[in-house]
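A short worksheet on the structure shown next.
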Amino acid sequence: MVKSSVRVVCAHDCPDMCSLIADVEGGKIVRVQGDPDHPYTAGFACGKVNRDADLVNSPGRITTPLKRIGAKGAGQFAPITWDQALDEITATWKTIIAESGPLALLGYAYSAHQGLMNRGLVNGLFHALGTSRLQAGTVCDTCCEVAWDVTVGPVGGADPESVVHSDLVIAWGADLAATNVHFWALAEEQRKKRGVPIVVIDPRRTRSAKQADLYLPIRIGTDAALALGVMHILVRDKLADCDYIARHTLGFDRVEREILPKFPPARVAEITGLAVADIEKLAAMYGRAKAALIRLGEGMTRLIHGGQALRAVTLLPGVTGHYAVEGGGALLLTAASCDLNYAAIRKPSGPAATRNVNHLRLGEALLTMKEPPIRGLYISANNPAVTCPEVHKVRKGLARGDLFTVVHDPFLTDTAKYADIVLPAATYLETDDLYRAYGAYWMQWGREAAAPLGEARSNFDVAQALAKRMGLADRIFALSPQDAAKELFKGATGPAAAADPAKLFAGEPIHIAHAFEGQVFKTPSGKLEFYSEQLARQGVSPMPDWSEDPIEAADAKKWPLRLLTAPGYFQAHTAFSGVDFLRQREGKPFCVLHPKDAATRGVKAGDAVRLFNDRGEIGLMLQVSDEIQPGVVLVPGQRPIGEAVSGTINMLCSDRYTDMGEGATYQSTWLDVGPWRAA
Ligand SMILES: Nc1nc2c(c(=O)[nH]1)N[C@H]1C(S)=C(S)[C@@H](COP(=O)(O)OP(=O)(O)OC[C@H]3O[C@@H](n4cnc5c(=O)[nH]c(N)nc54)[C@H](O)[C@@H]3O)O[C@H]1N2
Ligand SMILES: Nc1nc2c(c(=O)[nH]1)N[C@H]1C(S)=C(S)[C@@H](COP(=O)(O)OP(=O)(O)OC[C@H]3O[C@@H](n4cnc5c(=O)[nH]c(N)nc54)[C@H](O)[C@@H]3O)O[C@H]1N2
Ligand code: SF4
Ligand SMILES: [Mo]
9 MVKSSVRVVC
19 AHDCPDMCSL
29 IADVEGGKIV
39 RVQGDPDHPY
49 TAGFACGKVN
59 RDADLVNSPG
69 RITTPLKRIG
79 AKGAGQFAPI
89 TWDQALDEIT
99 ATWKTIIAES
109 GPLALLGYAY
119 SAHQGLMNRG
129 LVNGLFHALG
139 TSRLQAGTVC
149 DTCCEVAWDV
159 TVGPVGGADP
169 ESVVHSDLVI
179 AWGADLAATN
189 VHFWALAEEQ
199 RKKRGVPIVV
209 IDPRRTRSAK
219 QADLYLPIRI
229 GTDAALALGV
239 MHILVRDKLA
249 DCDYIARHTL
259 GFDRVEREIL
269 PKFPPARVAE
279 ITGLAVADIE
289 KLAAMYGRAK
299 AALIRLGEGM
309 TRLIHGGQAL
319 RAVTLLPGVT
329 GHYAVEGGGA
339 LLLTAASCDL
349 NYAAIRKPSG
359 PAATRNVNHL
369 RLGEALLTMK
379 EPPIRGLYIS
389 ANNPAVTCPE
399 VHKVRKGLAR
409 GDLFTVVHDP
419 FLTDTAKYAD
429 IVLPAATYLE
439 TDDLYRAYGA
449 YWMQWGREAA
459 APLGEARSNF
469 DVAQALAKRM
479 GLADRIFALS
489 PQDAAKELFK
499 GATGPAAAAD
509 PAKLFAGEPI
519 HIAHAFEGQV
529 FKTPSGKLEF
539 YSEQLARQGV
549 SPMPDWSEDP
559 IEAADAKKWP
569 LRLLTAPGYF
579 QAHTAFSGVD
589 FLRQREGKPF
599 CVLHPKDAAT
609 RGVKAGDAVR
619 LFNDRGEIGL
629 MLQVSDEIQP
639 GVVLVPGQRP
649 IGEAVSGTIN
659 MLCSDRYTDM
669 GEGATYQSTW
679 LDVGPWRAA
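Counted the way this note's numbering counts, the sequence shown spans residues 9 to 687.
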């Protein structure tokens with residue numbers, strides 16, 4: 009059997025963007041491991057991707073196009089050929105466009121293939137067709153992104169590899185040992201070598217928290233109060249860097265006068281549920297550090313006032329001047345500092361603006377949009393029938409008899425079961441693509457390691473085939489993946505633009521960090537904005553603040569438990585459901601209650617339990633643990649509906665927006681738990 013090792017890039021939705029080595033035998037991927045020659049990957053992949061040979065070869069893979077023969081949602085399909093599938097799709101689209109105009113179509117690829125082309129060209133196809141557009145990512149990161157942008161500007165944050173210069177690391181709303189393992193490994197190494205302490209701020213005593221030097225079990229949704237309390241102490245104890253504040257920030261004087269007096273340690277303790285001593289300790293550690301690095305997580309933003317939370321924490325390094333120091337500052341995302349010509353792929357032609365559909369309100373859009381209604385839907389690399397809030401609405405929308413749905417996925421997902429046509433997708437290990445990390449400063453070309461299984465085709469390939477049949481003449485739809493990637497460099501600026509194509513296409517990792525010159529601010533004022541005119545114009549409090557949301561407060565009176573949502577350790581949303589080993593390690597879909605809450609409800613570990621609120625009820629297995637506080641129910645990850653006792657957690661979550669970025673508010677969900685009574 010011919011054996012070879014191919015250098016590839018991990019395309020899963022993860023900040024680390026590992027370089028991987030895929031071992032191939034007889035045309036089949038038999039092993040996937042971390043690349044020892046990539047500085048950031050450092051020779052290891054996470055526990056999930058170590059099993060990706062099982063993912064590509066999973067018996068659950070779809071190998072041919074399918075046409076629905078049963079009711080929507082029932083999952084009955086018959087195989088058809090690619091020509092039949094593409095002909096039917098494009099004929100239907102042409103009819104819809106002729107009758108209702110292009111706005112009656114909605115298509116998207118979301119984050120499950122992080123390759124710039126396999127994700128970008130699907131969106132490019134719908135851009136060129138002038139269809140309605142998905143305001144994508146509101147289910148994930150638009151809240152934190154907008155909060156960062158109005159504060160720091162659309163620019164990347166600290167380089168995770170600068171942690172070698174840090175003297176304090178704070179994981180704030182991020183379970184790094186689960187979602188950012190390479191940064192976690194670096195931070196731990198610094199702790200071992202140089203005694204750099206790690207602080208974790210999280211309502212759950214996560215894997216990261218268990219290993220922290222200081223762990224603050226903050227109450228959900230109170231991070232802005234904690235950050236403002238720390239600022240209060242920094243000012244009180246003269247630990248603020250007045251010179252930095254004067255030169256690089258805007259509006260601190262007003263925050264100091266109008267906001268900080270409201271956040272003395274005693275009140276912050278009351279709001280956050282933390283001990284005054286711990287708040288003082290955090291502020292003292294932060295104020296005395298020379299280069300403290302805050303890893304900002306999205307966890308604190310998955311609720312109504314999530315934007316205020318992230319913004320307040322993001323302002324902290326401006327008070328101490330740590331933004332000016334290598335190894336200090338804050339890291340949310342890095343992608344905005346990679347200035348490639350993305351439009352070449354994502355916007356080859358088509359109108360500058362059309363009608364937008366918010367990703368998290370897909371259900372609402374399918375049910376209520378008029379003039380024209382959405383009549384054709386194309387979903388690639390996304391499983392909204394599980395992962396969107398108000399999932400009942402999504403399912404009801406997908407069940408519409410007059411909606412023509414196409415799903416492109418390697419697996420027959422809950423969403424695919426509603427499709428008229430299902431197309432078999434190649435995985436990243438079976439595609440060529442260009443990658444740039446969103447949580448580190450690296451870029452890399454990833455090669456197809458093995459031919460796609462069965463008749464599976466890549467997102468890129470299918471986008472081109474559909475474009476051709478729809479009569480789109482844009483050049484990008486006829487280029488090879490490598491030639492298309494070259495378009496990304498035309499007009500690009502910064503370190504990414506300087507990549508040597510010979511090295512790039514040979515698969516060499518390209519370091520794309522700018523030389524360190526302090527955090528750059530790309531706000532309207534060019535400074536770190538404690539006061540944001542942009543927010544004032546949107547009617548949002550222009551200064552960081554914390555207040556209780558009235559709807560949340562009313563729900564909290566009605567229901568005794570609040571939802572805490574966190575990543576699954578052996579699953580990431582539903583993308584690894586096809587791997588037996590990981591599914592079993594994760595166990596059946598479960599929730600976690602504090603021992604006190606379990607006892608008062610007469611339920612015990614291992615029981616099936618019922619989670620319910622005004623939206624409905626679902627059934628999960630129960631684990632009991634004091635890793636969470638009383639009053640909280642933790643549901644890690646999103647899992648396919650068939651795996652659970654009944655339903656999925658998003659059946660209980662509303663599609664209300666966050667304060668910034670119109671993002672999802674999963675954690676603004678109140679509910680109760682009781683024994684499961686099978687219907
Ligand atoms: N309650 C609650 N809901 C949440 C969250 C939460 O914290 N709580 N988190 C939210 C977040 S952060 C996110 S990002 C979303 C994620 O939501 P989704 O994007 O829906 O995530 P997945 O369930 O992983 O679905 C990805 C799909 O893409 C498929 N896929 C993988 N690779 C390819 C490929 O190359 N091509 C194609 N065509 N398909 C591919 C996978 O098989 C899978 O079916 O969920 C959100 N939903
Ligand atoms: N294993 C695994 N890895 C993943 C994913 C996965 O599902 N599984 N998903 C991927 C995706 S799509 C994304 S977007 C990223 C997200 O990765 P992160 O940015 O790390 O965000 P989350 O996973 O949403 O939440 C992180 C932590 O925030 C905590 N948290 C919740 N509410 C609060 C709060 O109010 N305050 C504070 N301080 N903390 C809070 C949660 O307990 C959790 O431990 O991870 C990616 N990586
Ligand atoms: S850590 Fe992230 S980038 Fe690395 S292999 Fe795992 S999922 Fe992929
Ligand atoms: Mo996400």
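The beta carbon of each residue, even a glycine, is placed where N, CA and C say it ideally should be.
Nothing here was measured: the structure is a model prediction, and the numbers come from that model.
Item                                                                                                               : Value
Heavy atom of ligand 1 within 7 Å of N658 beta-carbon                                                              : yes
Endpoints, the beta strand (DSSP E) within which V130 is located                                                   : Segment L124 to L137 is the alpha helix (DSSP H) holding V130; no beta strand (DSSP E) there.
Proximity of Y674 and R319 at Cβ, strictly below 8 Å                                                               : no
Secondary structure, beta strand (DSSP E): runs of 3+ residues fully inside the region 367 to 425                  : 384 to 388 and 412 to 417
4-residue-minimum alpha helix (DSSP H) runs that sit fully inside the region 280 to 353, ordered along the chain   : 284 to 296 and 314 to 328
Cα-Cα separation, G358 to F134                                                                                     : 8 Å
Distance between beta carbons of R39 and A61, contact taken as under 8 Å                                           : 5 Å
Presumed contact (8 Å Cβ cut-off) between Y116 and S388, rounded CB distance                                       : 7 Å
8 Å Cβ cutoff met for A155 and G669                                                                                : yes
Span of the alpha helix (DSSP H), counted from its first residue to its last, around Y252                          : C250 to H256
C22 beta carbon near ligand 2 (any heavy atom closer than 7 Å)                                                     : yes
Distance between L124 and E456 (C-alpha atoms, nearest Å)                                                          : 15 Å
Straight-line Cα distance separating R383 from A99                                                                 : 13 Å
The region 173 to 182 in contact with the region 599 to 610 per 3-pair CB rule at 8 Å                              : no
Start and end residues, beta strand (DSSP E) containing W180                                                       : L176 to W180
Rounded straight-line distance, which links the Cα of L339 to that of G515                                         : 27 Å
Cβ-heavy atom distance, H46 to ligand 3, below 7 Å                                                                 : no
Continuous alpha helix (DSSP H) assignments of at least 4 residues falling wholly in the region 585 to 651         : 588 to 594 and 603 to 609
DSSP state of A117 mapped onto helix, strand, coil                                                                 : strand
Runs of beta strand (DSSP E) lying entirely within the region 135 to 220, each at least 3 residues, in chain order : 140 to 143, 176 to 180 and 206 to 209
Whole-angstrom C-beta distance between T150 and L114, which should lie under 8 Å                                   : With a Cβ gap of about 18 Å, L114 and T150 do not count as contacting.
Host beta strand (DSSP E) of K80 (start-end)                                                                       : Note, K80: premise wrong, no beta strand (DSSP E); not H, not E.
heavy atom of ligand 2 below 7 Å from H121 C-beta                                                                  : no
Close beta carbons around D157, own chain, < 6 Å, minus the five adjacent residues each side                       : none
8 Å contact criterion, which L543 and P550 should meet: CB distance rounded                                        : 5 Å
Span separating the alpha-carbon of I302 from that of V172                                                         : 14 Å
Secondary structure of D663, DSSP reduced to three states                                                          : coil
Assumed close pair P316, D557 - CB separation to whole angstroms, cut-off 8 Å                                      : Going by the sequence as given, residue 316 is Gln instead of Pro. That belief does not hold up - the Cβ atoms of Q316 and D557 are roughly 10 Å apart, past 8 Å.
Alpha-carbon spacing of A299 relative to T159, whole angstroms                                                     : 20 Å
E651: CB within 7 Å of a non-hydrogen atom of ligand 5                                                             : For the structure depicted, ligand 5 is absent and the ligand set comprises only ligand 1, ligand 2, ligand 3 and ligand 4.
Of the residues L385, H367 and V415, the one placed nearest V399, counting alpha carbons only                      : H367
Assigned exposure category for S555 - 16 Cβ within 10 Å defines buried                                             : exposed
The beta strand (DSSP E) enclosing R39, as first and last residue numbers                                          : K36 to G42
Within 8 Å, strictly: CB atoms of S216 and G335                                                                    : no
Own chain residues within Cβ distance below 6 Å of A507, not counting five before or after                         : I518
6 Å CB neighbourhood of L129 in its chain, flanking five on each side removed                                      : I353, F468 and A471
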